[in-house]
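Going down the list, the sequences are from chains V and L.
Residue numbers 171 to 471, in my numbering, belong to the letters of the first sequence in order.
Residue numbers 10 to 434, in my numbering, belong to the letters of the second sequence in order.
Heads up: the structure comes next, in structure tokens.
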Amino acid sequence: MEYLAASLVIVSLFIYAVLFSIECGATIFIALPELLGGDEAVHRYINPAWETTNVFLVTALISLVAFFPGAVSMWGGALIVPSFFFLLVMGVRVIGMLYVFYKGGKNRAMKWLLVIAGLAAPATLAGGLLPFFLTGTMPYGAGAWLLAVGFGVFAIASTIFISSSFFRPMERFARATLIFFLAAAMFLITALFRAAPHLATGVARALPALVVLAVLDLVLFFTAWGRRQGMRFFSAVALFAAFFFSVMLSQLPYVIYPSVTVFGAFTDPASAQIMLGAFGIAAIFLVPALGLLYYLFAFKK
Amino acid sequence: MNVVYAGRAFMGITMAFHIFFALFGVGIPLMVSLAELIGIVKKDDDFTAMARRWTFAMTVLFVAGAISGTIISVLFVVLLPPFMSFISKVVILPFSLETYAFFLEAIFLGIYAYTWTRFKNQWVHWLISIPLIIGSAASAFFITTVNAFMVSPQGFTDVNGVISNVNQWVAMFNPATATKTSHSILAYYATTAFVFAAVAVFSYLWKKNVDAGVHRYAEKMAIFSLVVALIFSLGVVVTGDSSARFIAQNDPAQFAAGEGVMQTGRDVPLKIGGIEIPGLLSLLTGGSRDTLIVGLDAISPSLWPPLVVHEYFDTMAGIGILMLIVPIAFFLLWWWRRRRWVFSKIMAGLIVVTGALSVIAVELGWMFSEEGRQPYTLRGIMLTNDAFTSSTTVMAYAVLFPIFYLVLIALTAWILAAHYKKQRT
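Structure below.
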């Protein structure tokens, strides 16, 4: 049950990361219209309808609090400053987004605000918050700072990588963004082995899952890359998934290394059952509804 | 200024900002849905146009409400770790349910707003508004149960800080849940309807030579909104009464401070503004002038809430009564066929003022609820002083957030004003 709850948090976070990449990408690309070559489709993604994306983040956050109450007092108190930074960047993003949604992307200052916020939001979220869970130190020491930079750069790289594979006009940058993504991933892996060596033992445990992911990636990559737009997006997401889940699965069973594990922090079994049940029932309604929303927007003109 | 004070101010400002948008997030879907329904049933294009035009306001305000909600959910964890640590063990289920309900709202808001022209059968589009209404009301309901829990905590055993025997359902459906949730949600509907009525009459109040079509549209919008406002204001007054009785029974300190009762006794007068009506408070509370009311003299001053809550309570209750009287007066004049008076400047002015005041009443209601619970965050269990983080970094960053809130309010106001100016009413 502990792992089921943990996977709920991780999967919500993963979906958020992918959708948020597309959103941030949209706000970055409309600021650089010469890249788009007059393609207006990107504008559709700057729209209040995409507010659902944020709900995935809130779901991840609330699930983390709900299923692992034993960890709350620790990370809650420690993460004030990075959380404030992230929230402010998100606030700036919302202001820019509402402005561009209404007035269009003509105002220079607003456009650049959106570009900066679009890059800073994923970077502060990943770089600011994740190192604490991996090292358990606050304020950050040298190791955690290395991780912060690693995650920050990786978040920016994957945002650009995923979103440019999603938007058709960005196709010409496919190779460049892929190289940037792989370089950032290598840098992150090096940082992880230096600053969070406990992940190495975790990787061994998560190996079967990772092998499956890697095989899937290879298959997708060789069959799909450079062919159809949709497939290219999926193979980019799969590549990102391999890195994302490697880190997350290797971190288990720790919530906060080295003091808090999913077992130690877990809520009482009765509450856990009720909440998993509630999630199950909610999913019956939400999954088809989400499917309908994305079908109406992304795939149907 | 100490850290707890700064933290409370930060949280309070964020809550006030959030409730301003959240109340419309709950209220507008119902108004939009009702207007679309009337448009379909009566084949009246004015109502269909109304629903469609309001949808724009709904989406813009929704974005602001959503970001403020996200901010609050993070603030709970980073600003109040001891409080959240307790809540996460005992009554976190409503948070999860709220997230799912909000999910439903967000999904169907997107679908509703952008499928106006997609269905040949208008009923299909109208049906999409139903999950939207359910989602918004349910998310308000679930999150308010946590607030009710803070007033009457139950559903767990606490032995020297060790929590056991948790039953989240019992914690969620505590004695305060019924009055808290019904009173606040009905108030959001009444307030939204009143603000819409105010916007409608505002559009022709000071203008000469208003186009006949626009005038007809505005009149319909005003009358429709006032009907909705009247119905829900009745509900607000009734639930407000039971809410006050509940507080009288369960939290004498808050009741005494709210009503300004200093001395315990029978035949206690009701104090409104500077006026005292003999025996009325006893009569309202227990049905007879003989009812005993506990005064602040019976309670240790260390457990008194700030006494300003009396002013909050009076102002809120006063506005609530006004929200009932104004539509009643409007429809009585209508019934007597005094059309000249119904759409007179005085009546219109009253509606506009009450519309603005109704938003303030919602804010005051929450301020009464929150400050009235002091010095506790969890009544009888956790003092506010113990609920906050001890980190001193709070204050420096907290200053930036109110600036962001003001910018966002100004931006949404500007977008809405510019949009509706361009497109008439």
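Glycine included, C-beta positions come from ideal geometry on N, C-alpha and C.
Predicted model, so just to flag it, every value in this text is computed and none were measured.
Please name the residue, chosen from the options, that lies closest to residue i on a Cα-to-Cα basis.
i, options, result
"Val13 of chain L", "L:Tyr406, L:Ala396, L:Met59, L:Ala426", "L:Ala396"
"Ile81 of chain L", "L:Phe26, L:Ile49, L:Ala110", "L:Phe26"
"Gly34 of chain L", "L:Ala58, L:Gly21, L:Phe117", "L:Phe117"
"Met401 of chain V", "V:Val228, V:Leu362, V:Ile332, V:Leu446", "V:Ile332"
"Val175 of chain L", "L:Gly381, L:Leu392, L:Gln163", "L:Gln163"
"Ala187 of chain L", "L:Gln272, L:Ala44, L:Ser252", "L:Ser252"
"Leu202 of chain V", "V:Leu348, V:Pro339, V:Phe254", "V:Pro339"
"Gly282 of chain L", "L:His319, L:Val87, L:Arg298, L:Phe56", "L:His319"
"Ala154 of chain L", "L:Val204, L:Val99, L:Ile137", "Checking the displayed sequence, the identity of residue 154 of chain L turns out to be Thr instead of Ala. Answer by Cα proximity: L:Val99."
"Val237 of chain L", "L:Phe264, L:Met24, L:Ala202, L:Leu373", "L:Ala202"
"Ile22 of chain L", "L:Ala44, L:Leu43, L:Ser77, L:Lys51", "L:Ser77"
"Ser193 of chain L", "L:Phe104, L:Ser234, L:Thr57, L:Thr248", "L:Thr248"
"Leu174 of chain V", "V:Val373, V:Leu460, V:Met445", "V:Met445"
"Ala73 of chain L", "L:Ala422, L:Lys431, L:Lys430", "L:Ala422"
"Ala411 of chain V", "V:Val270, V:Gly247, V:Phe357, V:Val385", "V:Val385"
"Met93 of chain L", "V:Val235, V:Val373, V:Arg278, V:Val188", "V:Val235"
"Glu379 of chain L", "L:Ala115, L:Ile232, L:Asp260", "L:Asp260"
"Phe29 of chain L", "L:Ala75, L:Leu46, L:Lys51", "L:Ala75"
"His213 of chain V", "V:Thr431, V:Leu268, V:Leu409, V:Leu348", "V:Leu268"
"Leu359 of chain L", "L:Ala180, L:Ile328, L:Met376, L:Gly48", "L:Ile328"
"Arg275 of chain L", "L:Leu89, L:Lys189, L:Ser297, L:Lys229", "L:Ser297"
"Gly434 of chain V", "V:Ile451, V:Val242, V:Phe302, V:Ile232", "V:Val242"
In terms of DSSP beta bridges, what is residue i paired with?
i, result
"Leu279 of chain L", "L:Ile286"
"Met391 of chain L", "L:Leu387"
"Ile76 of chain L", "According to DSSP, Ile76 of chain L bridges with nothing at all."
"Ile302 of chain L", "L:Gly274"
Looking only at its own chain, which residues have a Cβ that is under 7 Å from the Cβ of residue i, when we skip the five neighbours before and after it?
i, result
"Met418 of chain V", "Ile180"
"Gly244 of chain L", "Leu195"
"Ile186 of chain V", "Inspection of the sequence shows that residue 186 of chain V is occupied by Tyr rather than by Ile. Here the set comprises Thr223, Phe226, Leu227, Ala230."
"Thr294 of chain L", "Arg254, Ala257, Thr300, Ile302"
"Val407 of chain V", "Val188, Ile332"
Which of the three DSSP states, helix, strand or coil, is assigned to residue i?
i, result
"Met171 of chain V", "coil"
"Val168 of chain L", "strand"
"Ile101 of chain L", "coil"
"Ile424 of chain L", "helix"
"Ile308 of chain L", "coil"
"Val317 of chain L", "coil"
"Met267 of chain V", "helix"
"Gly311 of chain V", "coil"
"Phe352 of chain L", "coil"
"Trp220 of chain V", "helix"
"Ala396 of chain L", "helix"
"Ile139 of chain L", "helix"
"Arg225 of chain L", "helix"
"Leu89 of chain L", "coil"
"Thr434 of chain L", "Its pLDDT being 42, under 50, Thr434 of chain L is placed unreliably by the model, and nothing is read from it."
"Ser297 of chain L", "coil"
"Trp282 of chain V", "helix"
"Lys52 of chain L", "coil"
"Leu202 of chain V", "coil"
"Phe337 of chain V", "coil"
"Tyr197 of chain L", "helix"
"Tyr215 of chain V", "helix"
"Asn11 of chain L", "coil"
Please return the same chain residues whose Cβ sits closer than 6 Å to the Cβ of residue i, not counting the five positions on each side in sequence.
i, result
"Phe340 of chain L", "none"
"Glu193 of chain V", "Trp220, Thr223"
"Ile198 of chain V", "Val285, Gly288"
"Ala361 of chain V", "Leu316, Leu317, Gly320"
"Met159 of chain L", "Leu387"
"Pro315 of chain L", "Glu380"
"Leu295 of chain V", "Phe256"
Which residues in the same chain have their Cβ closer than 8 Å to the Cβ of residue i, if we skip the five residues on either side of it in sequence?
i, result
"Thr305 of chain V", "Gly311, Gly313, Ala314, Leu317, Ala365, Ala366, Tyr427"
"Ala448 of chain V", "none"
Within the present structure, is the beta-carbon of residue i separated from the nearest heavy atom of the ligand ZN by less than 7 Å?
i, result
"Pro458 of chain V", "You won't find the ligand ZN in this model; it holds no ligand whatsoever."
4 or more residues per run - each alpha helix (DSSP H) lying fully within the region 407-463 of chain V: As far as the region 407-463 of chain V is concerned, it has no whole alpha helix (DSSP H) run of at least 4 residues.
Please specify which runs of the beta strand (DSSP E), each continuous and at least 3 residues long, are wholly inside the region 142-186 of chain L, giving them in chain order. Unbroken beta strand (DSSP E) runs of no fewer than 3 residues, entirely contained in the region 142-186 of chain L, are found at 166-168, 171-173, following chain order.
Enumerated in chain order, which unbroken segments of the alpha helix (DSSP H) with a length of 4 residues or greater are wholly contained in the region 358-392 of chain V? If we require 4 residues or more, the alpha helix (DSSP H) runs fully inside the region 358-392 of chain V come out as 368-375.
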